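2 protein chains.
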Amino acid sequence: MLGNFIYYNPTKLYFGDDAQKHLAEALRPFGKTVMLAYGSGSIKRNGVYDDVMAALKEAGKSVVELSGVMPNPTVEKMEEGVAAVRANNVDFILAVGGGSTIDYAKAVSVAAGYDGDAWRHFWVEQADPAPGQKIVPVGAVLTMAGTGSEMNGGSVITDTATKMKIGKVFGENVMPSFAVLNPRYTFSVPQRQMVAGIFDIMSHIMEQYFSGDDDSTSDYLAEGLMRSVVASSRAAVKDPMNYEARSNIMWSATWALNTLIGKGKTQDWEVHMLGHAISAITDATHGMTLAAVSPAYYRHIMGYALDRFARFAHYVWDIPTEGKSDEQLASEGLFALSDWIKEIGAASGLRELGVTEELIEPIAKATLISDSGYHTLDFAEVVDILKESL
Amino acid sequence: MLGNFIYYNPTKLYFGDDAQKHLAEALRPFGKTVMLAYGSGSIKRNGVYDDVMAALKEAGKSVVELSGVMPNPTVEKMEEGVAAVRANNVDFILAVGGGSTIDYAKAVSVAAGYDGDAWRHFWVEQADPAPGQKIVPVGAVLTMAGTGSEMNGGSVITDTATKMKIGKVFGENVMPSFAVLNPRYTFSVPQRQMVAGIFDIMSHIMEQYFSGDDDSTSDYLAEGLMRSVVASSRAAVKDPMNYEARSNIMWSATWALNTLIGKGKTQDWEVHMLGHAISAITDATHGMTLAAVSPAYYRHIMGYALDRFARFAHYVWDIPTEGKSDEQLASEGLFALSDWIKEIGAASGLRELGVTEELIEPIAKATLISDSGYHTLDFAEVVDILKESL
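Line by line, the protein sequences give chains A and B.
Read in order, the letters of the first sequence are residues 50 to 439 in the working numbering.
Read in order, the letters of the second sequence are residues 50 to 439 in the working numbering.
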């Protein structure tokens, strides 16, 4: 059964190998001063920066550049952006990059209109913007597939002082107005980053899928999306220039986390909670942290929902059901997941991400506990899962 | 590979067994005079009319009623609506009903702002509204799941004089601004209509799925959606009051035809072309015409894309692949489709829809030929398929 919900997702998506041709037209309805937010400058080496600047010029915009957005954007960096928006009367923020840059742009877009400690208010206390609060509109040019930030209201920010990494999901008024999705823009992402993005996508789908036991259209869509990600990942790892694979990965990423496949059902984001704690303490790549802990986590909760894990084995990994118990199937499905993690080169354990035994306890302490899945962990279980993931 | 496209679907959906509670709030941003379009009056017997009138009152609207919208809405009825919109300065059209009523509301919303023969211009010549042409905004309260009209720009209109039934797909400015989707509102639909709606959904998915041979995320989503429709249809046919099944069917209908699963790929709408010709000549129920011709049509084109039909058999109908050729699998998949049509009580042949041998030739002549599928039919093939479907 589908629970009650509202679906409203007005982000306009321009998809394809010429998607940037629409950028000037997409920018036109917004005000004159555009803040261009980007990361370390890789967009200057792969031509994306030039494409974007040409579109900004064509649309007659003045540009305020804000570079150096880091993979786990910090509160300090957010404050730098807020100051720049206020000082320049910025009308629009254009994020050019991956999920971190888009998350960052959304954070600045909300924080700039709030008088007070935005980090504490929106992230720690999970408050929503007051009705009427000014929010600077955001657009995105995506250069890395994974987080789905291009079509949702999510924004993950890290406080380096307290080592807290928290995600906030804002409403539709914070979602990007538009996003330019050109799969070729992802070609120059290093293979390790591509793989981390792929696992992030898979994890988004699994974390919505592994909760609830109703018959729900959302779960069937999730199964289809997972099969597409697995098929495309295999092709992309062999040949990162395979446009077919990269275009499917980019599109799957968007639909994995734009609310569709979670509609009307409960969700279990414990793997992301574990991953966020690991990244806050080690600065490890987000997608890799998820890959490192997923097999141990799901094996730990498998017994609480054997039928769902058996379904996962059959409909995602194509494992024949004949003559097998749900328990056998469930176990085989998780072996298939582990094999796939190795096959595509995602992290098979936490040691390769710099986690040592001494860090297990602090990571466990920094892990938020989700209670919406098949089983709610206690602290000892979090420690066990982290140890098993080493 | 995904071809280039734009995805933009700003219809806001209120889904659930209390979805009508949002109706007054959804209506509020629009002007004062609302035209309420509905069909034969069944909404007065099942309580939906009272719910809607209460919301219109709460939102402070004046109401112009336009009833009697028929299952295949005609050009004359459209002209009646246009006259009512103009005479009353209607600000908003609220369609309460199934796909026909919503299609009708969209037709009127565009035709009212056009000076000239709207039928000829928008449907026969497939023109788009000129930029700046006035379009009256539309909203929908859905009482029957099937056509997906609640979240797309499609509008099918029939000219009784020439016996032409033509669909026009308008852009986002004609899509409903919002739709209220309460699965309980579909409970009083007669079982035969429910089944017709279910086959319509399945056909929408198949007609997007059976075209192209690239690896495309859209096809994986289509497979998931088809599996959900099949599972829910079995439960709903046994117990039409099964909320779980009816909610999944309603949600699947929306996503079957809101452009998502067709993005970046070719499509083959020949089954709908055959169905429209049959309905234009016999007034048979739309979904039933599709069920009657689908097995013969797909068996006819199966040989041109054995791998896709084999995939359909395995991933939609769960037929094991071991030791079977693509041809065997493909054939078994189509037998599964035929068995399911019988199981749910959809039309197994054209005779039960009132088609006789003498009508084959006129129906074939009225059938438009699609050239975007695995094989383009000639006239003799259309006749053969219709004969095999008797």
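Every residue gets a Cβ at the ideal spot worked out from N, C-alpha and C, and that includes glycine.
This structure is a prediction, so every number in the text was calculated from the model and none was measured.
Partner residues on chain B for residue i, Cβ-Cβ distance less than 7 Å
i, result
"residue 50(A)", "292, 293, 296"
"residue 54(A)", "64, 65"
"residue 273(A)", "269, 270, 272, 273"
"residue 280(A)", "264"
DSSP state of residue i mapped onto helix, strand, coil
i, result
"residue 364(A)", "helix"
"residue 81(B)", "coil"
"residue 161(A)", "coil"
"residue 86(A)", "strand"
"residue 399(A)", "coil"
"residue 142(B)", "strand"
"residue 269(A)", "helix"
"residue 352(B)", "helix"
"residue 64(B)", "strand"
"residue 418(B)", "coil"
"residue 303(B)", "helix"
"residue 56(A)", "strand"
"residue 196(B)", "coil"
"residue 425(B)", "coil"
"residue 308(A)", "coil"
"residue 123(A)", "strand"
"residue 184(A)", "coil"
"residue 339(B)", "helix"
"residue 179(B)", "coil"
Within chain B, the residues that residue i reaches when beta carbons sit closer than 9 Å
i, result
"residue 234(A)", "Simply none; closest approach about 14 Å."
"residue 178(A)", "Neighbours of residue 178(A) on chain B: none; closest Cβ ~19 Å, over 9 Å."
Within chain A, the residues that residue i reaches when beta carbons sit closer than 8 Å
i, result
"residue 301(B)", "266"
"residue 369(B)", "369, 371"
Separation of residue j from residue i, as counted between CA atoms
i, j, result
"residue 207(A)", "residue 195(A)", "18 Å"
"residue 396(A)", "residue 350(A)", "21 Å"
"residue 319(B)", "residue 52(B)", "21 Å"
"residue 241(B)", "residue 248(B)", "11 Å"
"residue 379(A)", "residue 50(B)", "32 Å"
"residue 221(A)", "residue 311(B)", "25 Å"
"residue 181(B)", "residue 134(B)", "18 Å"
"residue 365(B)", "residue 139(B)", "46 Å"
"residue 392(B)", "residue 282(B)", "10 Å"
"residue 60(B)", "residue 410(B)", "41 Å"
"residue 306(A)", "residue 100(B)", "34 Å"
"residue 346(B)", "residue 336(B)", "15 Å"
"residue 325(A)", "residue 334(A)", "10 Å"
"residue 170(B)", "residue 176(B)", "6 Å"
"residue 383(B)", "residue 313(B)", "26 Å"
"residue 128(B)", "residue 168(B)", "9 Å"
"residue 381(B)", "residue 390(B)", "14 Å"
Within chain B, the residues that residue i reaches when beta carbons sit closer than 8 Å
i, result
"residue 262(A)", "Under the 8 Å cutoff, chain B gives no residues; its nearest Cβ is about 11 Å from residue 262(A)."
Contact list for residue i against chain A, beta-carbon separation under 7 Å
i, result
"residue 59(B)", "59"
"residue 277(B)", "266, 269"
Beta strand (DSSP E) segment containing residue i, residue limits
i, result
"residue 207(B)", "203-208"
"residue 214(B)", "213-218"
"residue 404(A)", "Unbroken run through residue 404(A): none, as it is neither H nor E."
"residue 228(A)", "227-230"
"residue 191(B)", "187-191"
For residue i, the first and last residue of its enclosing alpha helix (DSSP H)
i, result
"residue 384(A)", "375-393"
"residue 116(B)", "Taken as a continuous stretch (DSSP letters only), residue 116(B) belongs to no alpha helix (DSSP H), as it is neither H nor E."
"residue 328(B)", "319-331"
"residue 72(B)", "72-76"
"residue 256(A)", "240-258"
"residue 105(A)", "97-107"
"residue 94(A)", "91-94"
Residue i CB to nearest heavy atom of the ligand COA below 7 Å
i, result
"residue 360(A)", "Ligands are entirely absent from the displayed structure, and the ligand COA is therefore not among its contents."
Q) Any contact of the region 210-229 of chain A with the region 352-371 of chain A, i.e. 3+ C-beta pairs under 8 Å? A) no
Q.
Whether or not the region 262-272 of chain B and the region 181-198 of chain B are in contact is what I'm after, with contact meaning three or more pairs of Cβ atoms, one per stretch, closer than 8 Å; do they touch?
A. no
Q) Below 8 Å, can you find three or more Cβ-Cβ pairs linking the region 357-371 of chain B to the region 426-436 of chain B? A) no
Q: Count the C-beta pairs between the region 140-157 of chain A and the region 82-89 of chain A that are closer than 8 Å, then say yes if the count reaches three, no if not.
A: yes
Q: Decide yes or no for the touch test of the region 152-164 of chain B against the region 361-371 of chain B: beta carbon pairs closer than 8 Å, at least 3 of them.
A: no
Q. Counting Cβ pairs, one atom from each stretch, are 3 or more of them under 8 Å apart for the region 287-299 of chain A and the region 247-262 of chain B?
A. no
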